[in-house]
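With the sequence shown counted from 1, adding 4 to any position gets you the working numbering. Below is one structure, written out as structure tokens; comments come after it.
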Amino acid sequence: MKLPRLLALTAASLLASVPAFAGLIGATVTGTLIFENGFLNRFDPGNGNVPAGYLNSSPGTNTVVISGAATEFGYQGGSLITANFSETQLFITTDYSQPSTYSPWTMTFSSSAFGGQALNLVSESYAPGLTASLSGDLITINWAGAVVFPGGMRATYNLGSAGVPDGGATAALLAVTLLALAASQRWLKLAR
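Here it is, written out as structure tokens:
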């Protein structure tokens, strides 16, 4: 086997050992929506204002199973606020029907499916912008509130493999392996 092919196969096998993200469909997630100075979880249908058609609608709860065919969380107050998960993304939307000053809010989502993953902003039209973080199995999203005119705001986040930090051990292993292969190939040429 020629050296370039051997090196490529070795590199591919080492890189293929990175764990893959299994996706979110079928995972259980618990969601909260809390407005500033509030204490009620607005994604809990027991607190009212969860419209029909969302997975957290009554008689359900604010713990749902992520579905590719339905929006997981909804709240209808002075605006319609939704949170929808796909296999690898989170979509946050707010639709405003009248101009007003809207209060800041915090959303949280917890699921064991989030563990070891990364949360990355894809696009956003919120003003001011959202702040988002993923720590362990908890996603936290904050909006600072604003004077808003009729229309909508959207944000899309990717959820996926963050990789497991190994202090460079994988790169070092790859480098040593490639050097050993190159040395053995050179030794084989000299032995001929």
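Cβ coordinates follow ideal geometry from the N, Cα and C atoms, glycine included.
>> As an exercise, report each continuous beta strand (DSSP E) stretch of at least 3 residues that is fully enclosed by the segment 110-135, in chain order.
In response: 121-128
> Based on Cα-Cα distance, which residue from Ser114, Trp109 and Thr144 lies nearest to Leu125?
Replying inline: Thr144
> Whose C-alpha, out of Thr32, Gly149 and Gly156, is nearest the C-alpha of Phe89?
Replying inline: Thr32
> Short check: CB of Leu84 to CB of Leu163, under 9 Å?
Replying inline: no
> Can we say the segment 100-118 touches the segment 131-146, given the rule of at least three CB pairs closer than 8 Å?
Replying inline: Touching, yes.
> In terms of residue numbering, what span does the beta strand (DSSP E) encompassing Ile85 cover?
Replying inline: Ser83 to Phe89
> Where does the unbroken beta strand (DSSP E) through Arg3 begin, and where does it stop?
Replying inline: Nothing about residue 3 can be reported from this structure: the residues present for the chain run from 5 to 196 only.
> Tell me which same chain residues have a C-beta within less than 6 Å of the C-beta of Ala117, skipping the five on either side of it?
Replying inline: Leu28 and Ala31
>> For Thr49, count the other beta carbons within 10 Å of its own beta carbon; 16 or more makes it buried, fewer makes it exposed. Which is it?
In response: Contrary to the premise, residue 49 reads as Pro rather than Thr in this sequence. With at least 16 other beta carbons inside 10 angstroms of its own, Pro49 counts as buried.
> Which residues in the same chain as Gly52 place their Cβ atom closer than 6 Å to its Cβ, once the five residues preceding and following it in sequence are excluded?
Replying inline: none
>> Rounded to whole angstroms, what is the Cα-Cα separation between Val54 and Ser62?
In response: If you take the alpha carbons of Val54 and Ser62, they lie about 7 Å apart.
>> Here's a check: name, in chain order, each residue in its chain whose Cβ is nearer than 6 Å to the Cβ of Ala173, leaving out the five neighbours to either side.
In response: Legend: pLDDT at Ala173 = 42, less than 50; position of this residue unreliable, no value from coordinates given.
>> Rounded to whole angstroms, what is the Cα-Cα separation between Ser139 and Thr36?
In response: For Ser139 and Thr36, the distance between alpha carbons rounds to 16 Å.
> Are there 16 or more other CB atoms within 10 angstroms of the CB of Leu152, so buried, or fewer, so exposed?
Replying inline: One detail in the question is off: residue 152 reads as Val in this sequence, not Leu. If you draw a 10 Å sphere on the C-beta of Val152, you find 16 or more other C-beta atoms in it, and that means buried.
> Out of curiosity, what's the CA-to-CA distance linking Ser129 and Ile38?
Replying inline: 21 Å
> From Ser165 to Ala136, what distance separates their C-alpha atoms?
Replying inline: Rounded to the nearest angstrom, the two C-alpha atoms are 17 Å apart.
>> Nearer than 8 Å: is that true of the beta carbon of Gly52 relative to any heavy atom of the ligand FAD?
In response: Questions concerning the ligand FAD fall outside what the structure shown contains, since it holds no ligand whatsoever.
>> Mapping the DSSP letters down to three states, classify Gly64 as helix, strand or coil.
In response: coil
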